[in-house]
Ligand SMILES: NC(=O)C1=CN([C@@H]2O[C@H](COP(=O)(O)OP(=O)(O)OC[C@H]3O[C@@H](n4cnc5c(N)ncnc54)[C@H](O)[C@@H]3O)[C@@H](O)[C@H]2O)C=CC1
Ligand SMILES: CC(C)CC(=O)C(=O)O
Ligand SMILES: [Mg+2]
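Residue numbers (UniProt numbering): 1 to 368.
#1: Using 7 Å as the cut-off, classify the Cβ of residue 353 as near or not near the heavy atoms of ligand 1, replying yes or no.
#2: Output the residue ranges of the beta strand (DSSP E) runs that lie fully inside the segment 50-78 and measure 3 residues or longer, sorted by chain position.
#3: Using only the alpha-carbon positions, how far apart do residue 175 and residue 13 sit?
#4: With 16 other CB atoms within 10 Å as the buried threshold, where does residue 354 fall?
#5: For a cutoff of 8 Å on Cβ pairs, would you count residue 34 as touching chain D?
#6: Identify the continuous beta strand (DSSP E) that holds residue 2 and give its terminal residues.
#7: Between which two residues does the beta strand (DSSP E) harbouring residue 248 extend?
#8: May I have the straight-line CA-CA distance separating residue 219 from residue 130, to the nearest angstrom?
#9: Pull up the distance between the alpha-carbon of residue 228 and that of residue 95, whole angstroms please.
#10: To which residues does DSSP link residue 183 through a beta bridge?
#11: Does at least one heavy atom of ligand 1 sit under 7 Å from the Cβ of residue 283?
#12: Taking residue 224 as the reference, give the member of 205, 200 and 249 with the closest Cα.
#13: DSSP on residue 264, reduced to helix/strand/coil?
#14: Got a sec, what are the start and stop residues for the beta strand (DSSP E) residue 317 sits in?
#15: Here's a check: name, in chain order, each residue in its chain whose Cβ is nearer than 6 Å to the Cβ of residue 379, leaving out the five neighbours to either side.
#16: When burial is assigned at 16 or more other CB atoms within 10 Å of the CB, is residue 337 buried or exposed?
#17: Look at the alpha carbon of residue 221 and the alpha carbon of residue 185, and state the distance between them as a whole number of angstroms.
#18: Taking just the CA atoms, how far does residue 294 sit from residue 7?
#19: Should residue 278 be counted as a contact of ligand 1 given a C-beta to heavy atom distance under 7 Å?
#20: Quick check on the burial criterion: 16 or more other C-beta atoms within 10 angstroms. Buried or exposed for residue 146?
What follows is the structure, encoded as structure tokens:
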């Protein structure tokens, strides 16, 4: 299979973890006889430096013509003082909006080797993983332009959603629940927000079409608490943009680190951008210690959702699991008795496991 992959490394550790993901994809291409062609373009701060804007036309154009997009992360202190409308983060919001990538799937899955050191291990192990379905192109991040009034003493951000925007993501939530353990937790703030009241109405309407799905409503503040105290009560969580952003960083703690979580940003026709949940991590950027697993697992999601390469996706996931079982961990993680490594070595160890399987398979094949 030949695929053209648009690569947007962005800023900070985004660039480091992207190298790792490309290396793993090259190993998979070799093992399974695929051709993955990478086309690199700038977004975020790196694009501001080169083009003066966080989302250049040539980047959008490339994204529209590729088979799938991989994104690292954007932002960093270097661009803290640029005008608000050209901040690096506007590049990311812009590409999501312009490509219509409204459904952000954020699986929160624990790996056994890491959970042994976690007080939450019984709660999240095994079948009890969580899928957060986050609305990605509406709500507070996309309101009318934010403004400061009254000599800068009054600030205005607006939260607006259309019924259609809510319906399509809530449907994604129900469809995801149907493929999993058939439980959907809808998270809102319906005791206060009008947008949340409409959200809840729509969830109730859709529930009638999915009688097999058990539906519960939680207010976001209680949901944040229960995510930590009772993670195993959750199967699929569906929620709007801001709540999903915050809850997914929180949920990452259940897996050991924010650096572990991948995501897929999709639209109905299958076009997808794949990005780790974390940001550009300026505090560790350039030190060679970023955890590449969230980015590598995002590449696995790309193989699964955009290319239909389920076996190859599972192979990456298996290799990550194996590498952690062997005790390798980046400094954001901890495995008792294990070996601390940097980004490059972690990546090399993961690839060794991809290769190890196929070598042992081919040896078995020779004697069967
Ligand atoms: N998708 C994106 O591009 C995102 C961009 N950002 C931007 O990133 C910049 C930094 O934001 P922060 O609030 O610091 O969030 P962050 O997600 O970059 O970092 C939060 C904490 O997690 C750690 N961390 C993140 N990724 C890691 C990895 N792969 N391995 C090990 N540790 C990791 C960091 O070292 C830091 O202590 C800001 O400019 C922000 O706007 C933030 C979140 C998402
Ligand atoms: C620009 C931000 C909304 C990025 C972020 O934190 C995210 O998508 O998780
Ligand atoms: Mg976030």
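Glycine included, C-beta positions come from ideal geometry on N, C-alpha and C.
Note that the structure is a prediction, hence the values are computed from the model and not measured.
Let me spell this out:
#1: Answer for residue 353: no, Cβ out of range of ligand 1.
#2: If only complete runs of 3 or more residues are kept, the segment 50-78 shows the beta strand (DSSP E) at 68-73, in order along the chain.
#3: Approximately 33 Å, taken between the alpha carbons.
#4: Under this definition residue 354 is a buried residue.
#5: Absent from the structure is chain D; it holds one protein chain and no more.
#6: Element bounds for residue 2: 2-10.
#7: Unbroken run through residue 248 is the alpha helix (DSSP H), 241-252; no beta strand (DSSP E).
#8: So the two alpha carbons sit approximately 18 Å from each other.
#9: Rounded to the nearest angstrom, the two C-alpha atoms are 32 Å apart.
#10: According to DSSP, which records beta bridges pairwise, residue 183 is partnered with 214.
#11: With a cutoff of 7 Å, residue 283 counts as near ligand 1, since its C-beta is closer than that to a heavy atom of the ligand.
#12: Minimum Cα distance to residue 224 is reached at 249.
#13: Strand at residue 264.
#14: Run containing residue 317: none in the beta strand (DSSP E); it sits in the alpha helix (DSSP H), 310-325.
#15: With the chain running from 1 to 368 in the structure shown, residue 379 is simply not present.
#16: When all chains shown are included, residue 337 counts as exposed.
#17: Cα-Cα distance, rounded: 13 Å.
#18: Cα to Cα, the separation comes out at about 16 Å.
#19: Yes.
#20: Exposed, because fewer than 16 other Cβ atoms sit within 10 Å of the Cβ of residue 146.
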